[in-house]
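J.:
Protein chains in written order, with UniProt numbering: chain C, 1 to 479; chain F, 1 to 490.
(1) Around the C-beta of residue 152 of chain C, are 16 or more other C-beta atoms found within 10 angstroms, so that it is buried, or is it exposed?
(2) In three-state DSSP terms, what is residue 160 of chain F?
(3) What's the C-alpha gap between residue 417 of chain C and residue 315 of chain C?
(4) Take the Cβ of residue 445 of chain F as the centre, count every other Cβ of all protein chains shown within 10 Å, and call the residue buried at 16 or more, exposed below.
(5) Could you have a look at residue 285 of chain F and say whether DSSP puts it in helix, strand or coil?
(6) Exposed or buried, which one is residue 69 of chain C when buried takes at least 16 other CB atoms within 10 Å?
(7) Can you give me the start and stop residues for the beta strand (DSSP E) that residue 53 of chain C sits inside?
(8) Any residues in the region 66 to 77 of chain F with a beta carbon nearer than 8 angstroms to a beta carbon of chain C? Which ones, in chain order?
(9) Going by DSSP, what residue range makes up the alpha helix (DSSP H) through residue 299 of chain C?
(10) Note down the Cα distance separating residue 464 of chain C from residue 379 of chain C, rounded to an integer number of angstroms.
(11) Can you pull the DSSP bridge partners for residue 212 of chain F?
(12) So which residues of chain F does residue 324 of chain C contact, with C-beta pairs closer than 9 angstroms?
(13) Report yes or no: do the region 105 to 123 of chain F and the region 310 to 322 of chain F share at least 3 C-beta pairs separated by less than 8 angstroms?
(14) Could you give the DSSP three-state label for residue 327 of chain F: helix, strand or coil?
(15) Residue 110 of chain C by DSSP, collapsed to three states: which one?
(16) Buried or exposed, going by whether 16 or more other CB atoms sit within 10 Å of the CB of residue 484 of chain F?
(17) Thinking just about the alpha-carbon of each residue, which of F/111, F/14, F/196 and F/122 is nearest to the one in residue 491 of chain F?
(18) Hey, does residue 139 of chain C have any beta-carbon neighbour from chain F nearer than 7 angstroms?
(19) Buried or exposed: where does residue 352 of chain C fall if 16 or more other Cβ atoms within 10 Å of its Cβ makes it buried?
(20) Quick check: the Cα distance between residue 470 of chain F and residue 347 of chain C, rounded to an integer number of angstroms?
(21) Quick check on residue 487 of chain F: does DSSP put it in helix, strand or coil?
(22) Pick out whichever of C/458, C/144, C/177 and C/147 has its Cα sitting closest to the Cα of residue 368 of chain C.
(23) Residues in the region 261 to 278 of chain C with C-beta within 8 angstroms of chain F's C-beta atoms, listed in sequence order?
(24) In terms of residues, what are the limits of the alpha helix (DSSP H) holding residue 235 of chain F?
(25) Assign residue 491 of chain F to one of two classes, buried (16 or more other C-beta atoms within 10 Å of its C-beta) or exposed (fewer than that).
(26) Run the CB neighbour count on residue 128 of chain F, radius 10 Å, all protein chains shown included, and call it buried at 16 or more, exposed below.
(27) Does the region 332 to 342 of chain C touch the region 172 to 184 of chain C, meaning 3 or more C-beta pairs lie closer than 8 angstroms?
(28) Quick check on residue 92 of chain F - is its C-beta less than 7 angstroms from some C-beta in chain C?
(29) May I ask you to list the residues that DSSP assigns as paired with residue 307 of chain F?
(30) Of the choices F/441, F/464, F/409 and F/54, whose alpha-carbon is the least far from that of residue 108 of chain F?
(31) Once you ignore the five residues that flank residue 335 of chain C on each side, which residues in its own chain have a CB closer than 7 angstroms to its CB?
(32) Which residue's Cα is closest to the Cα of residue 456 of chain C: C/435, C/382, C/397 and C/193?
(33) Measuring only the C-alpha atoms, how far is residue 277 of chain C from residue 247 of chain C?
(34) Could you please give me the residues that DSSP links to residue 29 of chain F through a beta bridge?
(35) I'd like the list of long-range same chain contacts for residue 448 of chain F, defined as Cβ closer than 6 angstroms, with 5 residues on each side in sequence excluded.
(36) Just list the residues that DSSP pairs residue 217 of chain C with in beta bridges.
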């Protein structure tokens with residue numbers, strides 16, 4: 001019995017060992033191939049098959065015409081503009097006479113502090129006579145851009161006159177003051193360049209910065225320390241300073257606050273860090289400086305240190321249009337690259353005559369500047385104790401800016417309060433003053449306030465009346 | 001559209017290639033001399049205003065023919081004017097004025113209805129308003145810059161164009177570039193014609209909306225683009241668009257073509273897109289009573305959402321306007337930056353437009369307006385047909401007062417301009433970048449103040465010059481028609 005079991009086990013063992021020892025494999029085409037090789041070959045084939053098989057992706061189906069039709073039918077656009085509400089119905093006063101220091105509104109004589117007529121040239125007889133001569137000779141419009149027979153000898157004379165007045169080699173004349181700065185900035189600064197701008201610049205400058213597609217950094221309003229910190233940060237990060245153009249964009253007198261830019265300090269910083277300055281002198285041209293040449297004369301900085309000066313002529317010069325001066329290279333570059341110079345009709349010739357007339361008046365009567373400064377000082381003194389409002393702004397700025405001592409909470413309610421004050425002042429006391437307006441596209445963070453534009457042709461009684469009426473109304477509004 | 005023959009294309013490309021090679025050679029020598037001479041110390045460390053090839057075109061190509069552009073004049077831009085002669089000592093790099101002027105026929109100014117010079121009805125009134133309101137109000141419209149004249153003109157423009165209300169701006173360029181950001185922003189889509197004016201392009205860029213372009217004046221491609229864009233939605237997020245605005249022009253100033261307005265309006269209505277029509281060149285110049293392309297092509301002004309135009313061309317003044325429904329205009333008066341921040345339009349210029357519109361409508365008590373409109377239509381059609389008969393390649397549609405004559409070759413541009421000036425005809429030649437590189441042209445603007453004799457003289461001169469420089473690309477018809485036309489006038 002045991003031997004039988006032993007035999008079975010021995011037979012089984014023999015079978016297993018012979019199975020292990022048995023030569024596996026076959027002889028294929030006369031070449032012996034071991035069995036394990038065949039197994040490995042099978043495994044490799046399976047792996048290759050799996051790798052080459054495409055993963056299951058759902059097929060891309062473009063939209064059918066019917067589906068596109070359905071989407072188009074479903075789509076509902078927003079209305080083009082939002083509905084007008086009570087506050088959007090602005091009704092500005094309608095003037096019935098020239099915008100001088102006194103103007104007629106609704107049949108009543110009103111003292112006018114809403115026109116930036118700093119030198120009192122509105123209504124000046126000599127300027128009007130030269131305009132009449134121009135109108136009779138050239139008509140009203142110039143009917144063409146500068147490159148296509150829109151350049152008249154009046155334009156060339158005006159450019160030469162302005163250049164001589166400022167002391168720069170050449171000047172380019174634009175047909176509208178508003179678009180000068182937002183066409184000059186993109187002409188000089190493109191994508192990849194760096195601009196450092198004051199946060200309180202007005203909308204036209206902001207638009208120019210957007211259109212230029214450059215990298216923009218803002219520094220705190222009129223704060224030189226903030227500017228220096230940003231300049232240091234930029235200069236330390238630039239790799240190839242000779243290939244990247246860098247600009248500082250500021251206004252001489254800020255429309256939104258009445259402050260004056262400290263040019264001396266800025267020139268020092270600019271030379272240290274190799275930036276160029278673009279200066280917008282819309283409200284300081286013809287106002288600052290002993291002969292009205294602007295901020296550079298006032299600060300004692302030679303003109304060559306400022307690279308690009310732009311100005312709108314709709315303020316002190318009492319005409320329309322804009323100008324941009326700089327070195328010869330700067331002006332020539334603009335004549336071919338600045339969109340508002342090339343693609344639009346040139347300035348009407350009678351406005352160019354008015355500009356020449358204004359400059360001649362200013363050169364012949366520099367005492368008008370002393371009168372303007374005296375008026376500003378007088379009005380500031382009178383307005384120093386208005387309840388609820390504080391005068392901010394430089395003592396030499398012809399824009400007197402009054403901001404709320406305590407804000408009511410939001411821009412909307414501030415605006416409401418200020419509007420009610422100006423309306424009352426106009427209706428009850430016949431003095432026209434204005435609030436700062438903010439468009440919904442404006443990114444300026446400065447507070448709102450009231451503005452008075454002082455003119456050299458305002459008499460002392462006008463100033464006294466304005467201050468007295470404002471004090472009365474403010475006392476009631478803030479009690 | 002322009003058909004460019006192969007031989008012309010090849011010769012033009014060859015000419016530009018040659019100019020490019022010479023320009024590069026001169027640049028190379030300039031760099032060499034720059035190394036030898038020391039750089040100015042003041043500019044060390046500053047990046048130059050123009051880097052590398054940015055102003056290559058200006059320095060090497062444009063400056064050679066600079067005397068053909070920017071010619072100053074010494075009188076009003078009427079049908080005949082005085083062109084100031086300029087001279088150069090350094091091969092056209094700088095030009096200096098001389099005292100001499102030559103009286104030339106004006107085929108370049110935008111003076112479609114002849115209001116450019118002093119007019120018997122308009123000028124006395126303009127002088128009156130100048131004495132009353134002075135040259136400027138020195139203030140913005142919302143502060144102290146709105147006068148009675150501005151209010152009157154806004155109502156008059158709205159009535160003239162056929163919309164409910166209008167708003168004025170002091171400059172045409174600003175009207176487009178400050179308005180488009182107001183009505184559309186991020187999340188919106190602007191579809192504009194491929195040949196739109198620079199002001200529209202700037203406005204579209206400044207708005208922050210996505211911009212797509214459709215083939216010039218092709219309503220079928222516009223429909224394709226609209227379908228594709230509405231179906232796909234905004235890029236990357238695929239959300240639906242907030243609104244879509246399609247911007248077209250009435251007359252394209254470089255082509256002289258009229259817009260295919262009825263078809264485009266039909267497409268826009270079907271897909272609920274808003275339409276914006278820029279009538280800078282067509283308002284006052286086309287249409288039976290001068291009301292622009294809408295009148296000419298039979299489109300109801302209520303179908304166009306926003307109509308824009310300028311006063312520079314047909315009314316002899318300056319400034320622009322937008323006419324639309326009362327709600328849109330009210331919204332713009334509240335939020336448009338050009339209305340809130342820019343100096344208001346000069347009062348004498350406003351009076352000029354008021355008087356010009358009154359003349360056109362016949363409200364001044366005479367029929368001068370109707371005469372002017374008939375004359376400009378006759379003049380344009382006569383001139384265009386004569387030029388085509390002579391064998392010139394003239395673009396543009398009938399009734400359009402703008403006619404470009406194709407030149408192509410860069411050498412023909414100064415040749416045409418200078419030869420015509422020598423014979424006392426002043427023309428405007430346009431090259432890159434206002435037109436595509438190979439398609440340089442001379443652009444003629446006809447005015448209602450041109451008489452038949454003026455036009456015949458112009459045709460003679462242009463024909464002679466055309467033969468001289470070889471721009472008659474098409475076969476000419478025999479010239480017997482010219483004498484017949486002349487006899488008919490007498």
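The beta-carbon is built from N, C-alpha and C at its ideal position, and this holds for glycine as well.
None of these values were measured; they are calculated from a predicted model.
T.: On the basis of the coordinates in this document:
(1) buried
(2) helix
(3) Straight-line measurement puts the Cα of residue 315 of chain C at about 28 angstroms from the Cα of residue 417 of chain C.
(4) The C-beta of residue 445 of chain F has 16 or more other C-beta atoms within 10 Å across all chains shown, which makes the residue buried.
(5) coil
(6) exposed
(7) Where residue 53 of chain C is concerned, there is no enclosing beta strand (DSSP E), given that its DSSP letter is neither H nor E.
(8) 69, 70, 71, 72, 73, 74, 75, 76 and 77
(9) 295 to 299
(10) 8 angstroms
(11) F/191
(12) Neighbours of residue 324 of chain C on chain F: none; closest Cβ ~14 angstroms, over 9 angstroms.
(13) Three or more pairs of CB atoms, one per stretch, sit closer than 8 angstroms, so the region 105 to 123 of chain F contacts the region 310 to 322 of chain F.
(14) helix
(15) strand
(16) For residue 484 of chain F, the predicted model reports a pLDDT of 46, less than 50, meaning its position is unreliable; a value from the coordinates is still stated below. Around the beta carbon of residue 484 of chain F, a 10 Å sphere encloses fewer than 16 other beta carbons of the protein chains shown; the residue is thus reported as exposed.
(17) Outside the shown range of chain F, which is 1 to 490, sits residue 491 of chain F, and nothing can be said about it.
(18) Residue 139 of chain C counts as touching chain F.
(19) buried
(20) 37 angstroms
(21) Residue placement at residue 487 of chain F is flagged as unreliable, the pLDDT there being 44, under the threshold of 50; the coordinate-derived value follows with that caveat. Looking at residue 487 of chain F - three-state DSSP - the assignment turns out to be helix.
(22) C/458
(23) 274 and 276
(24) For residue 235 of chain F, no alpha helix (DSSP H) encloses it, and the DSSP letter there is neither H nor E.
(25) Residue coverage of chain F in this structure runs from 1 to 490, which leaves residue 491 of chain F outside it and unanswerable.
(26) exposed
(27) yes
(28) no
(29) F/277 and F/323
(30) F/441
(31) 172 and 341
(32) C/397
(33) 6 angstroms
(34) Per DSSP, none; premise fails for residue 29 of chain F.
(35) 113, 114, 372, 375 and 376
(36) C/196
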